[in-house]
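Participant:
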Amino acid sequence: MVRLLALALVGFLSSRELAVSSAGDASFKTSEAHSNALDPRLHNGSELKVFTFDYTHVQAPFEIALWIMLASLAKLGFHLYRRLPAVVPESCLLIMVGLLVGGVIYGAPHQTSPFLSTDVFFLYLLPPIVLDAGYFLPIRLFFENLGTILCYAVLGTFWNVFGIGLSLYGICQVGPFGLGDVSLLQALLFGSLIAAVDPVAVLSVFEEIHVNEQLHILVFGESLLNDAVTVVLYKLFEAFCQMPTISAVDVVAGIGQFFMVAVGGVAVGIVYGFIAALTTRFTEKIQVIEPLSVFLYSYLSYLTSEMFHFSGIMAIITCAVTMKQYVESNVSQKSRTTIKYFMKMWSSVSETLIFIFLGVSTVRDSHDWSWPYISFTLFFCLLWRALGVIFLTSIVNKFRMNTITFKDQFIIAYGGLRGAISFSLVFLLDDFPRKKLFITATIVVILFTVFVQGMTIKPLVELLEVKKTRKAPPTVSEEIHCRLLDHILAGVEDISGHWGQHYWKDKFQYFNKKYLKTFLIRGDKQPNSSIVLFYQKLEKKHAFEFNESEELIRPPHPPGDCQKPAPSVSPLLPDELDSIRTILTRNLFHIRRKTPAYNRHTLQRDGNAEEMKEILLRRRQSLGGNLTRKRGGTSESDKELSKEKRLTRSHTVGSEHKPAVEVAKPLPSDIPASMCATGAGGMENGPGLNESTQSPGGSTRNRRDKPQKTLSFSFQNETQE
Amino acid sequence: MGCNASTLAKIHNVDELILETGFSSSHICHLYNRFHSLDKDDKGLLNRDDFQNISELAVNPLGDRIINNFFPDRVDLIDFNSFARTLARFRPVENSPKKEPDSPEPINSRANKLKFAFQLYDQDKDGKISNNELLQVLRLMLGVQVTEEQLDNITDRTIQEADLDGDNAISFEEFKKSLEKVDVETVLSIRFL
Chain A
1 MVRLLALALV GFLSSRELAV SSAGDASFKT SEAHSNALDP RLHNGSELKV
51 FTFDYTHVQA PFEIALWIML ASLAKLGFHL YRRLPAVVPE SCLLIMVGLL
101 VGGVIYGAPH QTSPFLSTDV FFLYLLPPIV LDAGYFLPIR LFFENLGTIL
151 CYAVLGTFWN VFGIGLSLYG ICQVGPFGLG DVSLLQALLF GSLIAAVDPV
201 AVLSVFEEIH VNEQLHILVF GESLLNDAVT VVLYKLFEAF CQMPTISAVD
251 VVAGIGQFFM VAVGGVAVGI VYGFIAALTT RFTEKIQVIE PLSVFLYSYL
301 SYLTSEMFHF SGIMAIITCA VTMKQYVESN VSQKSRTTIK YFMKMWSSVS
351 ETLIFIFLGV STVRDSHDWS WPYISFTLFF CLLWRALGVI FLTSIVNKFR
401 MNTITFKDQF IIAYGGLRGA ISFSLVFLLD DFPRKKLFIT ATIVVILFTV
451 FVQGMTIKPL VELLEVKKTR KAPPTVSEEI HCRLLDHILA GVEDISGHWG
501 QHYWKDKFQY FNKKYLKTFL IRGDKQPNSS IVLFYQKLEK KHAFEFNESE
551 ELIRPPHPPG DCQKPAPSVS PLLPDELDSI RTILTRNLFH IRRKTPAYNR
601 HTLQRDGNAE EMKEILLRRR QSLGGNLTRK RGGTSESDKE LSKEKRLTRS
651 HTVGSEHKPA VEVAKPLPSD IPASMCATGA GGMENGPGLN ESTQSPGGST
701 RNRRDKPQKT LSFSFQNETQ E
Chain B
1 MGCNASTLAK IHNVDELILE TGFSSSHICH LYNRFHSLDK DDKGLLNRDD
51 FQNISELAVN PLGDRIINNF FPDRVDLIDF NSFARTLARF RPVENSPKKE
101 PDSPEPINSR ANKLKFAFQL YDQDKDGKIS NNELLQVLRL MLGVQVTEEQ
151 LDNITDRTIQ EADLDGDNAI SFEEFKKSLE KVDVETVLSI RFL
């Protein structure tokens, strides 16, 4: 019912937009008829009108705002009907809305249908999405898999482009299809724009299927990095189409251009990232412009690299990745939240608009349909992608520790969705006889991949997973033991480490800490130990929660304390069992999430923060217990146990008794920085900081008494390390 | 810190280790590098503090116990070989059907994986999980909102379900049986091992 209402609203809005635009047209014409530029508030120059309607004045921004509102209402409408997004991915729904609106506009008389102009797409709609992707990129995972991702992105795209281009050319040569006028270069040009996997589409579809994080980063990283290849090949073939002859020198120049595009994009991104980080170092007094500088610099990096015809996507991603760690340290908490929230907002709106426009632009007059061309395009896209993935994976698996299984390969191949980038690129082509055919073919491929592949990928993923057929709900012991096993796995995985290139990572972390951070991060915010930051945050939180919650931690029973008589072996009542189950599900600690999942709709809330706080406090408690045991127990330790909530208490204990700390188990000297942020940041900083926390910075902290007195406990630890 | 023959040469009894654990030589190399990166003081051995330095373990509720599992009784330092052997238990299980019936059980068999988990519970190493030990682990794994009474209920229920011979404790056999429906081989396997 509500959904109908929402759809009706959407329809009403779009028709109203039509009405106002046509009215706008009409009024524009009449005002032109009066050749003197009369103020519309006057009528025939003599009377003063009480009520005026001046649409042309606000036309452009008004229409833009209406489109954006349409986009958001459409999104709202889908989520009101809860079952729908589970079956049909959002991108499909948005395209359908776009088709609807496009149909309405098409049906209206003298309206030229708006379509996704290339400039609007590349300059306004794409950057927010890519920025959002880059800012929330799981960095450690990304760099661990960088080799594989590059392999897929570069080699895979080359493979696809030439495969699709050449085979399509072959098809065009076949007589009866009547496509002989498509030259080799044009076919290759078409291949270059259709081969690339689109980050927007991939993001929106993969968000809803929950594949393991490695798979996600492979497909997603590939979609981001293949932009360099696409840009180069596209421009190359386009230039070649103009040139009468092509020599070997030109081909070499093309290869050189590829490197320049890629490296140039990255360099531009890094430069802007550092400038942004440096700027935020000084914004202490004017905190309101901090989010602005983040967005501005990223956008500038994109535009600058587009100016040089470098890869804008790579620039903006590099910029976001570079500036993130420094900016997050420098800016205030509110700015951090603002940045994240605005990013989500803009990227969400952008994505919605892109899909709607895709739908709208489909409904046009000028389509050139050719069954063989289009069907073969589709076929070759799928075929070459599958072949490429299989072939490259077999090579890549020789170098990887963590092999990519067949299931993964299938998902990688199947998840190669095309989207709006191909669409815009095809519009950007110079006019030639077969352009309409290319446009139609591109639209068909995009719609097919988004609809068919997008909708079926989720059921296929579930099908491929190992199904555990459970007839009965898990018993209590199974639940408990399984959770135990999960914790074990997480722990052992952490112990065995992640097999990236530790050597380079260590080197970079060292360089980062020694030079970059001191330069780019404000003096009082040097993150010598993120555990310090963490405890600061904890204390702030406690100050608020003190009055509300009950005691946070129960003192642990010493072992052997609760010997119970043998329980009777009577079966429990079913509702008791249920209550046990609910207790368990609600209270069992969750497994640490390694990477934050992308979520288009909200900032991911780090639900684990509470649990981690508890676990850590318990450990501190047991450490405090250790302390008392070593010192033979004093009254301070009792105070410590009874008022665990006030960390200040336990800290002052530590500061008075320095030597005792040496024998106690040292606190883990850093906690992943992500726990500091209220929204889940990147856990990826954690292991990297592992190596860098034993720092002389601890000693500088001791000199600053006032706010840091409470944290002296952990300082002692660090200075002892 | 690459992975090559010289790294392998530094390890004692490399071939024996490879045979016993089933790792390939490149895996051993990577583990060795990891061992060294954990070993801050370059002792060639790891103590408990080195493990504590792994930040994620601090927020794992069972972190301390997992670390203890790496150290056999009363030993405070482990060398690379025992490190590798413990980790070898988490190798994914190969589905090789041909196995001689009298060959020793591979280190990453289901039973050995479960043994690791069992040892987490059984701190006093008497081969049984008593009510008390279970209670401790549960307390570690559960949040604060759970009252003592509820904890006791859950513990009782767990033991009831698993205890077949009525001794009010869970032996290893009973533990294995209670988890027979769970796909332990997949849960306790680390892909890159």
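If you're matching them up, the sequences are chains A and B in order.
Using our numbering, read the first sequence as starting at 1 and increasing by one per residue.
Using our numbering, read the second sequence as starting at 1 and increasing by one per residue.
Each residue gets a CB set at the ideal place from its N, CA and C atoms; glycine is no exception.
Nothing here was measured: the structure is a model prediction, and the numbers come from that model.
#1: I want to see whether chain B comes within less than 8 angstroms of residue 580/A, judged by CB atoms only; does it?
#2: Who are the neighbours of residue 150/B on chain A, taking C-beta pairs under 7 angstroms?
#3: Under a three-way DSSP split, which group does residue 628/A fall into?
#4: I'd like to know if residue 647/A contacts chain B, where contact means its C-beta is closer than 8 angstroms to some C-beta of that chain.
#5: Sorted by chain position, which residues of the same chain lie with C-beta nearer than 8 angstroms to residue 167/B's C-beta, five sequence neighbours on each side aside?
#6: Suppose contacts are defined by Cβ-Cβ distances below 8 angstroms. Is residue 202/A in contact with residue 223/A by that definition?
#7: Just curious, the alpha helix (DSSP H) that residue 357/A is in, first and last residue?
#8: List, in chain order, every chain A residue whose beta-carbon is nearer than 8 angstroms to that of residue 158/B.
#9: What is the DSSP secondary structure of residue 168/A, reduced to helix, strand or coil?
#10: Pick helix, strand or coil for residue 495/A, following the three-state DSSP scheme.
#11: Return the CA-CA distance between residue 725/A and residue 406/A, expressed in angstroms with no decimal places.
#12: Can you list the residues of chain A that residue 62/B reaches, using a CB-CB cut of under 8 angstroms?
#13: Are at least three pairs of beta-carbons, each pair with one atom in the stretch 225-244 of chain A and one in the stretch 411-419 of chain A, less than 8 angstroms apart?
#14: Assign residue 48/A to one of three DSSP states: helix, strand, or coil.
#15: Please classify residue 136/B as buried or exposed, where buried requires at least 16 neighbouring CB atoms within 10 angstroms.
#16: Looking only at its chain, what residues have a beta carbon closer than 6 angstroms to the beta carbon of residue 30/B, apart from the 5 residues adjacent to it on each side?
#17: Nearest-angstrom Cα distance between residue 460/A and residue 130/B?
#18: Since residue 95/A and residue 450/A are thought to touch, with beta carbons under 8 angstroms apart, how far apart are those beta carbons, to the nearest angstrom?
#19: Can a CB atom of chain A be found closer than 8 angstroms to the CB of residue 10/B?
#20: Label residue 243/A either buried or exposed according to how many other C-beta atoms from any shown protein chain fall within 10 Å of its C-beta, with 16 as the threshold for buried.
#21: Would you check if the distance between the CB atom of residue 85/B and the CB atom of residue 22/B is smaller than 8 angstroms?
#22: For a contact meaning CB atoms closer than 7 angstroms, what does residue 614/A contact in chain B?
#23: Looking only at its chain, what residues have a beta carbon closer than 8 angstroms to the beta carbon of residue 133/B, apart from the 5 residues adjacent to it on each side?
#24: Please determine, among 195/A, 279/A, 103/A, the residue with the shortest C-alpha to C-alpha distance to residue 422/A.
#25: Looking only at its chain, what residues have a beta carbon closer than 6 angstroms to the beta carbon of residue 269/A, apart from the 5 residues adjacent to it on each side?
#26: If contact means a Cβ-Cβ distance below 8 angstroms, which residues of the stretch 91-104 of chain A contact chain B?
#27: Should residue 311/A be labelled buried (16 or more other beta-carbon atoms within 10 Å of its own) or exposed?
#28: Looking at the strands, I want to know which residues DSSP matches up with residue 171/B.
#29: In chain order, what are the residue ranges of uninterrupted alpha helix (DSSP H) at least 4 long that sit wholly in the stretch 181-252 of chain A?
#30: Counting along the chain, where does the alpha helix (DSSP H) carrying residue 372/A start and finish?
#31: Measuring only the C-alpha atoms, how far is residue 496/A from residue 352/A?
#32: With a threshold of 7 angstroms (Cβ to nearest heavy atom), would residue 103/A be considered close to the ligand SAH?
#33: Between the alpha carbons of residue 184/B and residue 135/A, how many angstroms are there, rounded?
#34: List the residues of chain A whose Cβ lies closer than 7 angstroms to the Cβ of residue 129/B, in chain order.
#35: What is the DSSP secondary structure of residue 78/B, counted as helix, strand or coil?
#36: When you compare the CB of residue 188/B with every CB in chain A, is at least one pair closer than 8 angstroms?
Facilitator: In this structure, then:
#1: As a working mapping, residue 580/A is identified with position 580 in the first sequence. Judged by the 8 angstroms Cβ criterion, residue 580/A is in contact with chain B.
#2: Numbered from its first residue, the second sequence carries residue 150/B at position 150. By Cβ distance, chain A contributes 583.
#3: One-based indexing of the first sequence puts residue 628/A at position 628. Any reading at residue 628/A must be qualified, since the residue scores a pLDDT of 46, below 50, and its modelled position is unreliable; no value is offered.
#4: Your numbering for residue 647/A matches position 647 in the first sequence. With a pLDDT of 40 at residue 647/A, under the threshold of 50, the modelled position of this residue cannot be trusted, and the question is left open.
#5: Start at 1 with the first residue of the second sequence, and residue 167/B comes out as number 167. Hits under 8 angstroms: 128.
#6: In the first sequence, residue 202/A corresponds to position 202, counting from 1. In the first sequence, residue 223/A corresponds to position 223, counting from 1. In contact: residue 202/A and residue 223/A (Cβ atoms closer than 8 angstroms).
#7: Position 357 of the first sequence, counted from the start, is the residue given in the question as residue 357/A. Looking at the DSSP string, the run of the alpha helix (DSSP H) that includes residue 357/A is 333-362.
#8: What you label residue 158/B is simply residue 158 of the second sequence in a count that begins at 1. Annotation: Cβ neighbours of residue 158/B in chain A (cutoff 8 angstroms, chain order): 476, 477, 480.
#9: Locating residue 168/A in the first sequence gives position 168, where the first residue counts as 1. DSSP, read as helix, strand or coil, puts residue 168/A in helix.
#10: Here residue 495/A refers to the residue found at position 495 when the first sequence is read from its first residue. In this structure, residue 495/A counts as helix in the three-state DSSP scheme.
#11: Only positions 1 to 721 of chain A appear in this structure, which leaves residue 725/A out of reach.
#12: Residue mapping note: residue 62/B aligns to position 62 of the second sequence, counting from 1. Within chain A, the residues near residue 62/B are 484, 487, 488, 491.
#13: Contact between the stretch 225-244 of chain A and the stretch 411-419 of chain A is absent, because fewer than three Cβ pairs lie under 8 angstroms.
#14: Working through the first sequence from its first residue, we reach residue 48/A at position 48. In the three-state reduction of the DSSP assignment, residue 48/A falls in the strand class.
#15: Reading the second sequence from its first residue, position 136 is the one you call residue 136/B. That one is buried.
#16: What you label residue 30/B is simply residue 30 of the second sequence in a count that begins at 1. In the same chain as residue 30/B, and ignoring 5 residues on each side of it, no C-beta atom comes closer than 6 angstroms to its own.
#17: Stepping through the first sequence from its first residue, residue 460/A is reached at position 460. Stepping through the second sequence from its first residue, residue 130/B is reached at position 130. For residue 460/A and residue 130/B, the distance between alpha carbons rounds to 44 angstroms.
#18: On the first sequence, position 95 is the one that residue 95/A refers to. On the first sequence, position 450 is the one that residue 450/A refers to. With 8 angstroms as the limit, residue 95/A and residue 450/A qualify as a contact, their Cβ atoms being about 6 angstroms apart.
#19: Sequence index remark: in the second sequence, residue 10/B carries index 10 (1-based). No, residue 10/B does not count as interfacial toward chain A.
#20: By one-based count along the first sequence, residue 243/A stands at place 243. Classification of residue 243/A: exposed, given that the 10 Å Cβ count is below 16.
#21: To locate residue 85/B, count along the second sequence from 1; it is residue 85. To locate residue 22/B, count along the second sequence from 1; it is residue 22. Taking 8 angstroms as the Cβ cut-off, residue 85/B and residue 22/B do not qualify as a contacting pair.
#22: Against the first sequence, residue 614/A aligns to sequence position 614. Annotation: Cβ neighbours of residue 614/A in chain B (cutoff 7 angstroms, chain order): 143, 144.
#23: Residue numbering aside, residue 133/B sits at position 133 when the second sequence is read from its first letter. Same-chain partners within the cutoff: 121, 122, 123, 124.
#24: Position 422 of the first sequence holds residue 422/A. Of the candidates 195/A, 279/A, 103/A, the one whose C-alpha sits nearest the C-alpha of residue 422/A is 195/A.
#25: The residue you call residue 269/A lines up with position 269 of the first sequence. The residues are 301, 315, 318, 319.
#26: Correct list: empty, as no residue qualifies.
#27: Within the first sequence, the letter at position 311 stands for residue 311/A. By the 10 Å Cβ count, residue 311/A comes out buried.
#28: In the second sequence, counting from the first residue as 1, residue 171/B sits at position 171. According to DSSP, residue 171/B bridges with 128/B.
#29: You should have 184-194, 199-206, 213-242.
#30: The sequence position of residue 372/A within the first sequence is 372, counting from 1. For residue 372/A, the enclosing alpha helix (DSSP H) has its first and last residue at 371-396.
#31: Locating residue 496/A in the first sequence gives position 496, counting from the first residue. Locating residue 352/A in the first sequence gives position 352, counting from the first residue. Rounded to whole angstroms, the separation of the alpha carbons of residue 352/A and residue 496/A is 42 angstroms.
#32: Among the components modelled here there is no ligand, and therefore nothing to report on the ligand SAH.
#33: Mapped onto the second sequence, residue 184/B falls at position 184. Mapped onto the first sequence, residue 135/A falls at position 135. Cα-Cα distance, rounded: 37 angstroms.
#34: Within the second sequence, numbered from 1, the residue matching residue 129/B stands at position 129. Scanning chain A for C-beta atoms nearer than 7 angstroms to the C-beta of residue 129/B yields nothing, as the closest lies near 10 angstroms away.
#35: Against the second sequence, residue 78/B aligns to sequence position 78. Of the three classes helix, strand and coil, the one that applies to residue 78/B here is strand, per DSSP.
#36: Translated into positions along the second sequence, residue 188/B becomes position 188. With 8 angstroms as the cut-off, residue 188/B counts as an interface residue toward chain A.
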